[in-house]
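Input: a single structure, listed below in structure tokens.
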Amino acid sequence: MTDPLEKARQIADDVLFPAALEVDATGVIPAGHLDLLASAGLYGMAGPPGVPDAPMIVESLASGCLATTFVWMQHHGAVRAVADSAQPDLIEEWLDPLCRGERRAGVALGALRPGPPSVRATPVDGGYRLDGTCPWVTGWGMIDVLLTAARDDAETAIWSLVDAVPGPTLAARPLDLVAANAATTVEVTFDGHFVPAERVTTTLPFAEWGARDAAGLRMNGSFALGVAARATRLLGPTSLAAELDACRAALDAATPETLPAARAAASAFAMRAATTLTVASGARSVLRDHHAQRLVREAMFLLVFGSRPPIKSALLDLLSPEIHPS
Ligand SMILES: Cc1cc2nc3c(=O)[nH]c(=O)nc-3n(C[C@H](O)[C@H](O)[C@H](O)COP(=O)(O)OP(=O)(O)OC[C@H]3O[C@@H](n4cnc5c(N)ncnc54)[C@H](O)[C@@H]3O)c2cc1C
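With the first letter of the sequence shown counted as 1, position 21 gets the number 20 in numbering that gives the first Met the number 0; the numbers rise by one all the way through.
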């Protein structure tokens, strides 16, 4: 069997990258892209027994097509939540189909932001009622289920699997993005949406979420590395290749304390690599069919996507130390 990283590289170079400009221009990810990732076993990346080289797999795929990789990446939160769930029936029903990519997932984690919860869970007979709005949910129309976070009155965070189907109690409002628009990011609103207790994967005192969140921020840095890697490859041999390796090494070695600076450096580097490609390519880089303009917009997106206050501060420090985050 081919090694998963080798497969990811092959898919990125032979299928995703050749289609990336069309995906960007049309705002549509061919269903075949996600099916290919499923048939390569990559929807099971976060499931048992796990795969080595996961960050490099993400980077390789993102160097092919950020939009496709972005949709696929949301899936793994649900795989991990189900695998770690204390509910054997939930594991039995969901884990294998999720790992095979027969069922596909997104995440709605807006309720985990500090301050009052944007999505509330109220205990009702047989489960919970969800009310509120999650401002960013990626993959709409390409997922079957949403790992949704909510908080109850006791400040317990509750994660559950919600069918990603619009209806009287669940509405999705499309957002129009300047990059990775094909990943179909929407705002989701719950209005008394019922979720059965059997679909609850995890509960945790909300006070404990911050430390868990901080420990899990490495992987999103691989999106920026992927964009930087593609710009670097298109430029040909330059010292940017060594800088890319240094950014990756810093992310890999980071502790929760040093990770924000490493994430910031990766994002800033992606933008610099993409703008370097733009300048080196000359005026034609502003044509819609040139990769430089797509990569610049994607690098811009990765300056803000998946950020946290210490990442934002570190990035502003790099870009313009006199500006303080609002
Ligand atoms: C295009 C796009 C697609 C996205 N898709 C998804 C998605 O599919 N599912 C999803 O759940 N989120 C999604 N997000 C949200 C993303 O993960 C980050 O929350 C967001 O990029 C942070 O933006 P911000 O810094 O402007 O903070 P805001 O969105 O303004 O959030 C306010 C504060 O909450 C913090 N915060 C945000 N999210 C969390 C969290 N999960 N845990 C702890 N603190 C948090 C932020 O760091 C910030 O300090 C998406 C964002 C973008 C831009």
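Virtual Cβ for every residue (Gly too), placed ideally from N, Cα, C.
Please determine whether the Cβ atom of residue i lies at a distance below 6 angstroms from any heavy atom of ligand 1.
{"i": "T183", "result": "no"}
{"i": "P308", "result": "yes"}
{"i": "D212", "result": "yes"}
{"i": "V81", "result": "no"}
{"i": "V136", "result": "yes"}
{"i": "V106", "result": "yes"}
{"i": "L35", "result": "no"}
{"i": "Q86", "result": "no"}
{"i": "R112", "result": "yes"}
{"i": "F304", "result": "yes"}
{"i": "Q73", "result": "yes"}
Starting from residue i and walking both ways along the alpha helix (DSSP H), at which residues does that stretch end?
{"i": "P3", "result": "3-10"}
{"i": "P309", "result": "308-318"}
{"i": "P122", "result": "P122 -> not in any alpha helix (DSSP H); beta strand (DSSP E) instead, spanning 118-123."}
{"i": "Q292", "result": "290-303"}
{"i": "C246", "result": "239-252"}
{"i": "M218", "result": "Taken as a continuous stretch (DSSP letters only), M218 belongs to no alpha helix (DSSP H), as it is neither H nor E."}
{"i": "W93", "result": "87-99"}
{"i": "L20", "result": "16-25"}
Going by the DSSP bridge assignment, what does residue i pair with across the sheet?
{"i": "R229", "result": "In DSSP, R229 forms no bridge with anything."}
{"i": "F189", "result": "G131, L169"}
{"i": "S159", "result": "T147, V199"}
{"i": "V81", "result": "Note: V81 sits in no beta bridge, so no partner."}
{"i": "V70", "result": "Answer is none; V70 lacks a bridge partner."}
{"i": "G126", "result": "V123, P195"}
{"i": "P204", "result": "T155"}
What's the gap between the Cα of residue i and the Cα of residue j?
{"i": "A196", "j": "G125", "result": "6 angstroms"}
{"i": "R287", "j": "T68", "result": "21 angstroms"}
{"i": "P122", "j": "V199", "result": "12 angstroms"}
{"i": "F222", "j": "A261", "result": "13 angstroms"}
{"i": "V81", "j": "V14", "result": "30 angstroms"}
{"i": "R211", "j": "P255", "result": "10 angstroms"}
{"i": "T202", "j": "A120", "result": "11 angstroms"}
{"i": "Q292", "j": "L233", "result": "13 angstroms"}
{"i": "S306", "j": "A11", "result": "25 angstroms"}
{"i": "A240", "j": "S59", "result": "14 angstroms"}
{"i": "K311", "j": "A263", "result": "7 angstroms"}
{"i": "S319", "j": "T275", "result": "19 angstroms"}
{"i": "R229", "j": "P116", "result": "38 angstroms"}
{"i": "D23", "j": "D152", "result": "42 angstroms"}
{"i": "A214", "j": "E242", "result": "24 angstroms"}
{"i": "W208", "j": "E91", "result": "26 angstroms"}
{"i": "L216", "j": "L301", "result": "13 angstroms"}
If you follow the beta strand (DSSP E) that residue i is in, where does it begin and where does it stop?
{"i": "V278", "result": "Note, V278: premise wrong, no beta strand (DSSP E); alpha helix (DSSP H) at 258-280."}
{"i": "G105", "result": "104-107"}
Is the segment 147-166 touching the segment 125-139 in the sense that three or more CB pairs, one from each, lie closer than 8 angstroms? yes
Quick check: the segment 132-140 against the segment 172-185, are at least 3 beta-carbon pairs closer than 8 angstroms? yes
Between the segment 32-44 and the segment 70-89, are three or more C-beta pairs nearer than 8 angstroms? yes
Would you say the segment 44-54 touches the segment 3-11, given that touching needs at least three Cβ pairs under 8 angstroms? yes
Would you check if the segment 102-114 and the segment 169-176 touch, i.e. whether three or more CB-CB distances between them fall below 8 angstroms? no
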